[in-house]
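Chemist:
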Amino acid sequence: MSAGVPGVVVVGGGIAGLTAAYRISRGTAPAPDVTVLEAADRLGGKIRTELVDGFLVEGGPDSLFASKPPAKALLTELEIAHRLLPTEEAGRGTSVLRGGRLRPLPEGLNGFVPSKAGSFARTRLFTPFGKCRLAFEYAVPARPDDGTDESLRSFAVRRLGVQVYRRLVEPLAAGIFAADPAQLSLAATMPHLRAAELEHGGLIRAMLAERRRVRARTVTDVADPPPPSLVAPVGGMGEIVDALAARLSSVDVRLGAAVTEVADGGDGTYLVRARNADGEETVLRAGAVVLAVPSAAAAVMVAALDPSLAAALAGTAYTSTVTVALGFRSDEVDTRLRGSGYLVPASEGRAARACTWSSSKYAGRAPDGRVLLRVSLGGPGRSGVLDQPDSELVAVARRELADVLGIRAEPVLSRVFRWTDVMPQYTVGHLDRLAALDQHLAGHPGLVVAGSGYHGLGVAECIGSGSLAAGTVLTRLEAVSPIRRP
Ligand SMILES: Cc1cc2nc3c(=O)[nH]c(=O)nc-3n(C[C@H](O)[C@H](O)[C@H](O)COP(=O)(O)OP(=O)(O)OC[C@H]3O[C@@H](n4cnc5c(N)ncnc54)[C@H](O)[C@@H]3O)c2cc1C
Numbered sequence: 001m002s003a004g005v006p007g008v009v010v011v012g013g014g015i016a017g018l019t020a021a022y023r024i025s026r027g028t029a030p031a032p033d034v035t036v037l038e039a040a041d042r043l044g045g046k047i048r049t050e051l052v053d054g055f056l057v058e059g060g061p062d063s064l065f066a067s068k069p070p071a072k073a074l075l076t077e078l079e080i081a082h083r084l085l086p087t088e089e090a091g092r093g094t095s096v097l098r099g100g101r102l103r104p105l106p107e108g109l110n111g112f113v114p115s116k117a118g119s120f121a122r123t124r125l126f127t128p129f130g131k132c133r134l135a136f137e138y139a140v141p142a143r144p145d146d147g148t149d150e151s152l153r154s155f156a157v158r159r160l161g162v163q164v165y166r167r168l169v170e171p172l173a174a175g176i177f178a179a180d181p182a183q184l185s186l187a188a189t190m191p192h193l194r195a196a197e198l199e200h201g202g203l204i205r206a207m208l209a210e211r212r213r214v215r216a217r218t219v220t221d222v223a224d225p226p227p228p229s230l231v232a233p234v235g236g237m238g239e240i241v242d243a244l245a246a247r248l249s250s251v252d253v254r255l256g257a258a259v260t261e262v263a264d265g266g267d268g269t270y271l272v273r274a275r276n277a278d279g280e281e282t283v284l285r286a287g288a289v290v291l292a293v294p295s296a297a298a299a300v301m302v303a304a305l306d307p308s309l310a311a312a313l314a315g316t317a318y319t320s321t322v323t324v325a326l327g328f329r330s331d332e333v334d335t336r337l338r339g340s341g342y343l344v345p346a347s348e349g350r351a352a353r354a355c356t357w358s359s360s361k362y363a364g365r366a367p368d369g370r371v372l373l374r375v376s377l378g379g380p381g382r383s384g385v386l387d388q389p390d391s392e393l394v395a396v397a398r399r400e401l402a403d404v405l406g407i408r409a410e411p412v413l414s415r416v417f418r419w420t421d422v423m424p425q426y427t428v429g430h431l432d433r434l435a436a437l438d439q440h441l442a443g444h445p446g447l448v449v450a451g452s453g454y455h456g457l458g459v460a461e462c463i464g465s466g467s468l469a470a471g472t473v474l475t476r477l478e479a480v481s482p483i484r485r486p
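Heads up: the sequence shown is residues 1 to 486, going by the UniProt record's numbering.
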């Protein structure tokens, strides 16, 4: 413990935990002793970038919204901001599988409403009836502001109709959240849609109001920032993890340290128990603890400390997913892989949830003369795939590519990434449960949670969550020790 400053333990070395450790270790003078305990034998959690035979394979996330302020600030400090790749020209646009055929999404989607009339008129994703029903959204009255949550499906069906829900909203939401939109909380996942309904009366009305606002802008007005877009570091998402790890020289980072319990250590401290692979136990005393692990794992750690806190943490369910990456010789792939890939509606009844054409999306993902594709399997109602051996998962992914894209060639690369119980399900009532969780946490000063289980599961949101957790810890340390923030 440095000069009367209590130590800090960060549990979990994913992007949220690493961000928290980095910010805490640099946020004060003198700096507290910071220890990161990570159960796996590597840092990064769901961020997993591998370089194999000239391919750059992402097993987890392949991109992030880098313009979100906490992510932008971190990437600038890590000197990665200038190394971010936009989507390749040829990799723009996504398709939806419909009746076994790929239908490009209409251009200029704005809150699920196509903002370009020509593209909307031309799209073959919807029938004329589906298009009329979508246009009728203009006349659908707003649901009164009674403060209650509803599912994303309920919102989309009542405003846009069943067809647009099934062919657009469901596959997009299932692709982003690996969740069933009939269970997903609108307030926790897409609050801007409800805000548009309440403020303007509907999504089309909100889009038209925005158009009027932009037209009315005078030349002296400050230009709007560009809409957030997905980007990826040149060297893949692992670059962010490596850059953070390189800046943690003052932090004690322990791999293979699985935390089993966080107990009351008396005098406002906590005892953090961890076991290594040989079953040896370590106990660390800390003035503050950041639990940057899935909330279900955090629940187990605090079960004895506070059963009601544990119950609040256990309120979020998690689902499993699999990524199968396949590389092919370009001359054995007849299909033109234009766009970033395709989404598969549940109604298509296929094992795949989505397919990303990684080498079309970002430069440098496959060596010359090769292409790289990623098939996403699993998610709600499809998690049985995890019971199958890798060879079968590769076979399922290859069948998908053969059926949809006609790719029957032997892959030159195949990698399977299993993600068991990792995707948090923000089901209806999620924000109310988080408010209750905050009340339980208030009874444990210095105990903080961070990561994808709470206020956003994107990498950028997890960076924000880690930064916020660091701020809470530093405030706590300032209150109980002589440290000061510069
Ligand atoms: C296949 C896939 C694709 C995705 N694609 C995208 C994308 O393109 N863009 C995007 O923005 N987001 C994407 N996401 C979501 C995003 O990657 C995650 O939400 C985010 O990386 C989670 O970070 P985290 O730090 O909260 O958790 P994690 O990365 O899960 O880190 C938690 C860490 O805690 C460790 N841990 C668990 N239990 C213990 C214990 N008992 N003791 C010690 N350590 C423990 C784990 O080993 C892990 O390293 C994707 C996720 C997946 C799975």
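In this text, a Cβ means the ideal position worked out from N, Cα and C, and glycines have one as well.
Note that the structure is a prediction, hence the values are computed from the model and not measured.
At a cut-off of 7 Å, would you count Val234 as near ligand 1, judging by its Cβ distance to the nearest heavy atom?
Modeler: Position 234 of the sequence shown, counting from 1, holds the residue named residue 234. Outside the cutoff, so no.
Chemist: Leaving aside the five residues before and after Thr282 along the sequence, list all residues of the same chain whose C-beta is less than 6 Å from its C-beta, in chain order.
Modeler: Position 282 of the sequence shown, counted from the first residue, corresponds to residue 282. If we look at Thr282 and ignore the five residues flanking it on each side, its Cβ neighbours are Ala274.
Chemist: Give the range of the beta strand (DSSP E) segment to which Ser320 is assigned.
Modeler: Mapped onto the sequence shown, residue 320 falls at position 320. Its beta strand (DSSP E) spans residues Tyr318 to Arg329.
Chemist: Indicate whether Val234 and Gly327 have their beta-carbon atoms separated by less than 8 Å.
Modeler: Numbered from its first residue, the sequence shown carries residue 234 at position 234. Numbered from its first residue, the sequence shown carries residue 327 at position 327. In this structure, Gly327 does not lie closer than 8 Å to Val234 by Cβ.
Chemist: Is Pro136 helix, strand or coil by DSSP?
Modeler: What you label residue 136 is simply residue 136 of the sequence shown in a count that begins at 1. For the sequence presented, residue 136 should be read as Phe rather than Pro. Note: Phe136 maps to helix in three-state DSSP.
Chemist: Does the beta-carbon of Gly341, which I'm using as the reference point, lie nearer than 7 Å to any heavy atom of ligand 2?
Modeler: Looking at this structure, you won't find ligand 2 anywhere; what it does contain is ligand 1.
Chemist: With 16 as the cutoff for other CB atoms within 10 Å, does Pro69 come out buried or exposed?
Modeler: The residue labelled residue 69 in the question sits at position 69 within the sequence shown. When all chains shown are included, Pro69 counts as exposed.
Chemist: Determine the contact status of Val375 and Glu392, defining contact as a CB-CB distance below 8 Å.
Modeler: Locating residue 375 in the sequence shown gives position 375, counting from the first residue. Locating residue 392 in the sequence shown gives position 392, counting from the first residue. No, these two residues do not count as a Cβ contact at 8 Å.
Chemist: Per DSSP, what kind of secondary structure is Met423 in: helix, strand or coil?
Modeler: For this step, residue 423 is matched to residue 423 along the sequence shown. Here Met423 sits in strand by DSSP.
Chemist: Between the stretch 180–192 and the stretch 137–151, do at least 3 Cβ pairs fall closer than 8 Å?
Modeler: Judged by Cβ distances under 8 Å, the stretch 180–192 makes contact with the stretch 137–151, as three or more pairs qualify.
Chemist: Grab me the residues of Met1's own chain with a C-beta within less than 7 Å of its C-beta, minus the 5 sequence neighbours each way, in chain order.
Modeler: Reading the sequence shown from its first residue, position 1 is the one you call residue 1. Low per-residue confidence applies at Met1: pLDDT is 49, beneath 50, and the placement is therefore not dependable enough to give any value.
Chemist: When burial is assigned at 16 or more other CB atoms within 10 Å of the CB, is Gln439 buried or exposed?
Modeler: Your numbering for residue 439 matches position 439 in the sequence shown. By the 10 Å Cβ count, Gln439 comes out exposed.
Chemist: Any contact of the stretch 449–459 with the stretch 201–219, i.e. 3+ C-beta pairs under 8 Å?
Modeler: With the cut-off at 8 Å, the stretch 449–459 and the stretch 201–219 do not touch.
Chemist: What does the Cβ neighbour count give for His192, buried or exposed, with the cut at 16 atoms within 10 Å?
Modeler: Translated into positions along the sequence shown, residue 192 becomes position 192. The residue in question, His192, is exposed, as its Cβ has fewer than 16 Cβ neighbours within 10 Å.
Chemist: Helix, strand or coil: which one does DSSP assign to Leu284?
Modeler: Numbered from 1 along the sequence shown, position 284 holds the residue referred to as residue 284. It is a strand residue.
Chemist: Looking only at DSSP bridge pairs, what is Asp334 linked to?
Modeler: The count along the sequence shown starts at 1 and reaches residue 334 at position 334. The partner list for Asp334 (beta bridge, DSSP) is empty, contrary to what the question assumes.
Chemist: DSSP on Gly256, reduced to helix/strand/coil?
Modeler: Looking up residue 256 in the sequence shown gives position 256. The answer is coil: DSSP assigns Gly256 none of H, G, I, E or B.
Chemist: If I follow the unbroken alpha helix (DSSP H) through Tyr22, where does it start and stop?
Modeler: Locating residue 22 in the sequence shown gives position 22, where the first residue counts as 1. Tyr22 -> alpha helix (DSSP H) spans Ile15 to Arg26.
Chemist: How close, in whole Å, do the beta carbons of Gly175 and Arg353 come, if the pair is a contact with beta carbons under 8 Å?
Modeler: Counted from its first residue, the sequence shown places residue 175 at position 175. Counted from its first residue, the sequence shown places residue 353 at position 353. About 6 Å separates the two Cβ atoms, so the contact holds.
Chemist: Let me know the secondary structure DSSP gives Met1 once reduced to three states.
Modeler: Counting from one through the sequence shown, the residue named residue 1 turns up at place 1. Because the pLDDT of Met1 is 49, which lies under 50, any placement of that residue in the model is unreliable, and the number read from its coordinates should be weighed accordingly. Reduced to three states, the DSSP call for Met1 is coil.
Chemist: State the DSSP-derived secondary structure class of Asp267, mapped to helix, strand or coil.
Modeler: Residue mapping note: residue 267 aligns to position 267 of the sequence shown, counting from 1. The answer is coil: DSSP assigns Asp267 none of H, G, I, E or B.
Chemist: With distances taken Cα to Cα, identify the nearest neighbour of Ala402 among Ser360, Gly381 and Arg350.
Modeler: Within the sequence shown, the letter at position 402 stands for residue 402. Cα-wise, what sits closest to Ala402 is Arg350.
Chemist: Between the Cα of Leu134 and the Cα atoms of Gly100, Val169 and Arg143, which residue gives the shortest distance?
Modeler: Locating residue 134 in the sequence shown gives position 134, where the first residue counts as 1. Comparing Cα positions, the closest option is Val169.
Chemist: State whether the stretch 352–371 contacts the stretch 111–131, with contact taken as three or more CB pairs (one from each stretch) at a distance under 8 Å.
Modeler: No: the two stretches stay apart, fewer than three of their Cβ pairs being nearer than 8 Å.
Chemist: Taking 7 Å as the cut-off, is the C-beta of Glu38 nearer than that to any heavy atom in ligand 1?
Modeler: On the sequence shown, position 38 is the one that residue 38 refers to. Glu38 Cβ: within cutoff of ligand 1.
Chemist: Quick one: residues in its chain with C-beta nearer than 7 Å to the C-beta of Gly201, no 5 flanking neighbours on either side, listed in chain order?
Modeler: Start at 1 with the first residue of the sequence shown, and residue 201 comes out as number 201. Once the five neighbours on either side are set aside, the close Cβ partners of Gly201 are Ala142.
Chemist: I want to know whether the stretch 36–45 touches the stretch 315–330 - three or more CB-CB distances under 8 Å.
Modeler: No, the stretch 36–45 is not in contact with the stretch 315–330.
Chemist: Run through the stretch 125–180 for me and flag every whole alpha helix (DSSP H) of 4 or more residues, listed as ranges in chain order.
Modeler: The qualifying runs are 128–135, 152–160 and 170–177.
Chemist: On the three-state DSSP scale, how would you describe Ser414?
Modeler: By one-based count along the sequence shown, residue 414 stands at place 414. Strand, per DSSP.
Chemist: Would you give the residue range spanned by the alpha helix (DSSP H) that Arg365 belongs to?
Modeler: Taking the first residue of the sequence shown as 1, we reach residue 365 at position 365. First-last for Arg365: undefined, no H or E at that position.
Chemist: Just to check my reading of the structure: Val253 and Gly13 have Cβ atoms closer than 8 Å, yes? What is that Cβ distance to the nearest angstrom?
Modeler: What you label residue 253 is simply residue 253 of the sequence shown in a count that begins at 1. What you label residue 13 is simply residue 13 of the sequence shown in a count that begins at 1. 7 Å between Cβ atoms; contact.
Chemist: Thinking just about the alpha-carbon of each residue, which of Asp421, Cys355 and Thr335 is nearest to the one in Val396?
Modeler: Here residue 396 corresponds to residue number 396 of the sequence shown, with the count starting at 1. That would be Cys355, whose Cα lies nearest to the Cα of Val396.
Chemist: Using 10 angstroms around the beta-carbon of His430, count the other beta-carbons present and answer buried if the total reaches 16, otherwise exposed.
Modeler: Against the sequence shown, residue 430 aligns to sequence position 430. Burial call: buried.
Chemist: By the DSSP assignment, the beta strand (DSSP E) with Leu51 in it spans what residues?
Modeler: Working through the sequence shown from its first residue, we reach residue 51 at position 51. Leu51 -> beta strand (DSSP E) spans Thr49 to Val52.
Chemist: Taking 7 Å as the limit between beta carbons, can you name the residues of its chain near Gly108, skipping five residues before and five after?
Modeler: By one-based count along the sequence shown, residue 108 stands at place 108. Pro114, Ser115, Lys116 and Ser119.
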